[in-house]
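Only one structure is covered here, and it is reproduced in the block below.
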Amino acid sequence: MTVRRIDYYYVTVPDAPGEGRRVFSSLAERGVNLLAVLAFPVGDGKSQVDLVPEDPAALESAAGQAGLELSPRKHAFLVQDDDRVGAMAEVAGKLADAGINVTAAAAVAAGNGRYGMLLWVSPADYETAATVLGA
Numbered sequence: 131m132t133v134r135r136i137d138y139y140y141v142t143v144p145d146a147p148g149e150g151r152r153v154f155s156s157l158a159e160r161g162v163n164l165l166a167v168l169a170f171p172v173g174d175g176k177s178q179v180d181l182v183p184e185d186p187a188a189l190e191s192a193a194g195q196a197g198l199e200l201s202p203r204k205h206a207f208l209v210q211d212d213d214r215v216g217a218m219a220e221v222a223g224k225l226a227d228a229g230i231n232v233t234a235a236a237a238v239a240a241g242n243g244r245y246g247m248l249l250w251v252s253p254a255d256y257e258t259a260a261t262v263l264g265a
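Have a look at this one:
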């Protein structure tokens, strides 16, 4: 299992057709490689798009050039491992044993027998979680 500390940002956009294309195209045109994306509606006709860049500085620069208003830098974890029964339970169990609550998670099978998971914990628990997970 590989667990990486990641920085991420979010943008809030209208919940409308083409907004994802606008965000992703503007970043791609500026050479930003995204490791992960999570998007969801937040109400009032808006959606939040979480962006996990390979290079945070490149995202910050590109977003400014593209007129995208980024949130402040935030922290989470990227877990990558072999896809097997109980893989996510193992990660959640390590945190539970340390008394750390998982505030959010998103996972997907990545093909070729692999999976990836974004994992969020409280900022107050981030350093302890990093130690527990070996990040």
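All residue numbers for the sequence shown refer to our numbering, where the first residue is 131 and numbers rise by one.
Every residue gets a Cβ at the ideal spot worked out from N, C-alpha and C, and that includes glycine.
About 15 Å separates the beta carbon of residue 236 from that of residue 213, a gap too long to meet the 8 Å contact definition. Between residue 224 and residue 248, the CB-CB gap reaches or exceeds 8 Å. For residue 233, the closest of 257, 134, 250 and 172 by C-alpha to C-alpha distance is 250.
Here DSSP, grouped into helix, strand and coil, assigns residue 226 to helix. Inter-residue distance for residue 210 and residue 184 is about 15 Å (C-alpha atoms, whole angstroms). In this structure, residue 142 lies away from residue 195, with their beta-carbon atoms at least 8 Å apart.
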